[in-house]
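The sequence shown begins at 64 in the working numbering and counts up by one. Below is one structure, written out as structure tokens, with a few remarks after it.
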Amino acid sequence: MTSSTHRGAMVARRVGRPRVLPQVAGGRPTSVPPREEILDIAAGLFVKRGFAATSTRDIAEAVGIRQASLYFHFANKEEILGELLQRSVRPTLDRIERIEALAADAGAGPDVLLHVLVVLDVRTLAAAPRNAGVLSRLPEVQCKDVFEPFGSARNELRDAYARLGTQITAGRSAAMTPDRDLLGTLLLQLVEVVIGMRSRGHRITPTIETIVAASCLRVCLADQARIDEAAARAADLIGPLEA
Numbered sequence: 064m065t066s067s068t069h070r071g072a073m074v075a076r077r078v079g080r081p082r083v084l085p086q087v088a089g090g091r092p093t094s095v096p097p098r099e100e101i102l103d104i105a106a107g108l109f110v111k112r113g114f115a116a117t118s119t120r121d122i123a124e125a126v127g128i129r130q131a132s133l134y135f136h137f138a139n140k141e142e143i144l145g146e147l148l149q150r151s152v153r154p155t156l157d158r159i160e161r162i163e164a165l166a167a168d169a170g171a172g173p174d175v176l177l178h179v180l181v182v183l184d185v186r187t188l189a190a191a192p193r194n195a196g197v198l199s200r201l202p203e204v205q206c207k208d209v210f211e212p213f214g215s216a217r218n219e220l221r222d223a224y225a226r227l228g229t230q231i232t233a234g235r236s237a238a239m240t241p242d243r244d245l246l247g248t249l250l251l252q253l254v255e256v257v258i259g260m261r262s263r264g265h266r267i268t269p270t271i272e273t274i275v276a277a278s279c280l281r282v283c284l285a286d287q288a289r290i291d292e293a294a295a296r297a298a299d300l301i302g303p304l305e306a
């Protein structure tokens, strides 16, 4: 699968010199790169206050840098938003070709691939700064230009779920299985339950990953024996994908 649909290509860095490093309490420089700290702080503000209610001045003050220094890293807050949206889906999408290649080498079937894809996608959402995945659900964000490339990438991911899901349900009664598009949507939304869980303060543990993956396989009408086997085989593939 191509990864040509990048959500909002980032503008090249502007000429200028940022402040050396943001400061933390006590005046000690943080080890987090300034760009990463801006993204983390901005995500928290966007989620808490809303995108429209947060200015670049608010972000700069919260980070502890001048507004001009923020512009060294990002042209505007829409660019920050675009990167945050990308981080809630792009890490998973960029691994799909490698997942399929590794699975083919191991002789793994679509049920194993789906389990691997779900676990990695759950981890992507769990790692998104300040639960940035929630931003894609905000109407004020959905009307922004940066949302369109995010939406295209999310559709790519949904198509990958649909492709694997229909391979697993092949040969089952049509009355028992949803159509391809609906199946892809169901699987993606099952994974995105992680966003709501994070909003409620739940920690995303390996147990949660396994439960979500098993739920996706059940939607594809896999029985418990097949789910257990897929989980065992998936464990051997996930490590190399995260190395």
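Just so you know, even glycine gets a beta-carbon here, dropped at the ideal spot from N, CA and C. Given the structure is predicted, the values throughout are model-derived calculations rather than measurements.
Taking all protein chains shown into account, decide if residue 192 is buried (16 or more other Cβ within 10 angstroms of its Cβ) or exposed. buried
Backbone secondary structure at residue 143 - three-state DSSP: helix
Run through the segment 232-270 for me and flag every whole alpha helix (DSSP H) of 4 or more residues, listed as ranges in chain order. 243-254 and 256-262
Inter-stretch contact (C-beta, 8 Å, three-pair minimum) for the segment 209-219 and the segment 270-279: no
Helix, strand or coil at residue 284 [DSSP, three-state]: coil
In chain order, what residues of the same chain lie with their CB nearer than 6 Å to the CB of residue 240, ignoring the 5 residues before and after it? 232
Please state whether the Cβ-Cβ distance between residue 295 and residue 172 is less than 9 Å. no
Segments assigned alpha helix (DSSP H), at least 4 residues, entirely inside the segment 87-142: 97-112, 119-126 and 130-136
Would a check of beta-carbon distances place residue 256 closer than 9 Å to chain C? As a matter of chain content, chain C is missing from the structure shown, which is built from one protein chain.
Using a Cβ distance threshold of 8 Å, determine whether the segment 173-185 contacts the segment 253-262, with at least three qualifying pairs required. yes
Quick one, which of 114, 229, 105 and 94 has its alpha-carbon nearest residue 130's? 105
CA-to-CA distance, residue 196 to residue 148, given in whole angstroms: 7 Å
Counted within 10 angstroms of its Cβ, other Cβ atoms place residue 228 as buried (16 or more) or exposed: buried
Take residue 262 and list the residues in its own chain whose beta-carbon comes closer than 7 Å to its own, dropping the five residues that flank it on each side. 194 and 197
How far does the alpha helix (DSSP H) with residue 183 in it extend, from its first residue to its last? 173-190
Please confirm whether any heavy atom of the ligand SAH lies closer than 8 Å to the CB of residue 293. For the ligand SAH, the structure offers nothing, since it holds no ligand at all.
Beta-carbon gap between residue 141 and residue 207 smaller than 9 Å: yes
Do the CB positions of residue 201 and residue 113 come within less than 9 Å of each other? yes
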